[in-house]
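In our numbering, the protein residues as written are 2 to 313.
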């Protein structure tokens, strides 16, 4: 069944306009599963595009039922095909739109053959489909759809940033917010503006583990309290609940005991070579020593440790 398209030349009702999400942003789908690309359960080298609505550059397309898109066979190697909505405004009274499979190369990227030309002929990316020679079912599908709402875009895969090219675009990709911005000399580039669970730091000095964080890095903070017992030399190891993926900036340790039990107690990273990188603190843990007010190490001492660590 063909797509039903509105906002090509022809009759448009006020209801059509009221329900339309086309215009700005450039592309989008309406519902969570609208125009989702899935493997076809029985037809070789074919995928299904689920029923729903998609919009792009002022045109809204409706698929009343799931649509079949056929791809070419592959005897050997790897090929990534782009599944897209092709909108054609030519000639006058153009349309309706069509679903197409655009053959790509061996890398997961949008092929150069994708048409870019709003008002003339334009392809809205829906998914990249991986075919492996000799196998008639897709081996992987990368979702390239974008959802639009009151204030921004949401997507599932970072590859959408390769086709969202309008300066000012802001998109949340699985919790990471990116903005397409103008930089020095009006150079256009993507800037990570925020990431769930991470915070920017005004400045970062030297780090305990991981070297120098790349420019624009946002940081992770972990904090807690734990009751532990020192060993026979007065040391214990704090294992972070979640290892930092890339490095450790700093760790702060203090006694969490009440005044009577913890009076004068100091807790510091152990240092030294005996504990390896954990002696000063690394991405996964830190070894520390517990000392009395006079500096003597407290061996076999049960204590409460309060701690905060910053990493990336």
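Glycine included, C-beta positions come from ideal geometry on N, C-alpha and C.
With 16 other Cβ atoms within 10 Å as the buried cut-off, status of residue i
| i | result |
| --- | --- |
| residue 245 | buried |
| residue 213 | exposed |
| residue 54 | buried |
| residue 8 | buried |
| residue 42 | exposed |
| residue 240 | exposed |
| residue 236 | buried |
| residue 15 | exposed |
| residue 154 | buried |
| residue 119 | exposed |
| residue 286 | buried |
| residue 73 | exposed |
| residue 231 | buried |
| residue 1 | Because the chain spans 2 through 313 in this model, residue 1 falls outside it and cannot be assessed. |
| residue 26 | buried |
| residue 271 | buried |
Same chain, Cβ closer than 8 Å to residue i, neighbours up to 5 away in sequence not counted
| i | result |
| --- | --- |
| residue 258 | 266, 304 and 305 |
| residue 292 | 235, 266, 267, 268, 269, 298 and 299 |
| residue 228 | 303, 304, 305 and 306 |
| residue 194 | 171, 178, 179 and 180 |
| residue 274 | 280 |
| residue 217 | 192 and 193 |
| residue 61 | 6, 7, 8, 17, 20, 21, 22, 23, 54 and 55 |
| residue 122 | 87, 88, 89, 90, 91 and 116 |
| residue 242 | 223 and 225 |
Terminal residues of the beta strand (DSSP E) in which residue i lies
| i | result |
| --- | --- |
| residue 115 | No beta strand (DSSP E) contains residue 115, which DSSP labels as neither H nor E. |
| residue 238 | 236 to 240 |
| residue 223 | 220 to 230 |
| residue 304 | 303 to 312 |
| residue 39 | 38 to 40 |
| residue 131 | 122 to 133 |
| residue 65 | That residue, residue 65, is in no beta strand (DSSP E); it is neither H nor E in DSSP. |
| residue 83 | 79 to 89 |
| residue 136 | Careful: residue 136 lies outside any beta strand (DSSP E) and carries neither H nor E. |
| residue 4 | From DSSP, residue 4 is part of no beta strand (DSSP E); its letter is neither H nor E. |
| residue 48 | 47 to 50 |
| residue 154 | 153 to 156 |
Cβ pair residue i, residue j closer than 7 Å
| i | j | result |
| --- | --- | --- |
| residue 81 | residue 109 | yes |
| residue 208 | residue 248 | yes |
| residue 238 | residue 288 | yes |
| residue 279 | residue 268 | no |
| residue 168 | residue 156 | no |
| residue 97 | residue 105 | no |
| residue 64 | residue 52 | yes |
| residue 49 | residue 35 | no |
| residue 125 | residue 57 | yes |
| residue 166 | residue 29 | no |
| residue 128 | residue 100 | no |
| residue 83 | residue 103 | yes |
| residue 142 | residue 158 | no |
Simplified DSSP assignment, three categories, for residue i
| i | result |
| --- | --- |
| residue 20 | helix |
| residue 190 | strand |
| residue 57 | strand |
| residue 208 | coil |
| residue 278 | helix |
| residue 162 | helix |
| residue 297 | coil |
| residue 285 | coil |
| residue 185 | helix |
Beta-carbon proximity list for residue i, same chain, < 6 Å, skipping 5 on both sides
| i | result |
| --- | --- |
| residue 140 | 131 and 133 |
| residue 138 | 40 |
| residue 69 | 47 |
Residue i Cβ short of 6 Å to the ligand FAD heavy atom set
| i | result |
| --- | --- |
| residue 229 | Among the components modelled here there is no ligand, and therefore nothing to report on the ligand FAD. |
Cβ-based neighbour list, residue i, same chain, cut-off 7 Å, excluding 5 preceding and 5 following
| i | result |
| --- | --- |
| residue 1 | Look at the range of the chain in this structure, 2 to 313, and you will see that residue 1 is not part of it. |
| residue 199 | 219, 220 and 221 |
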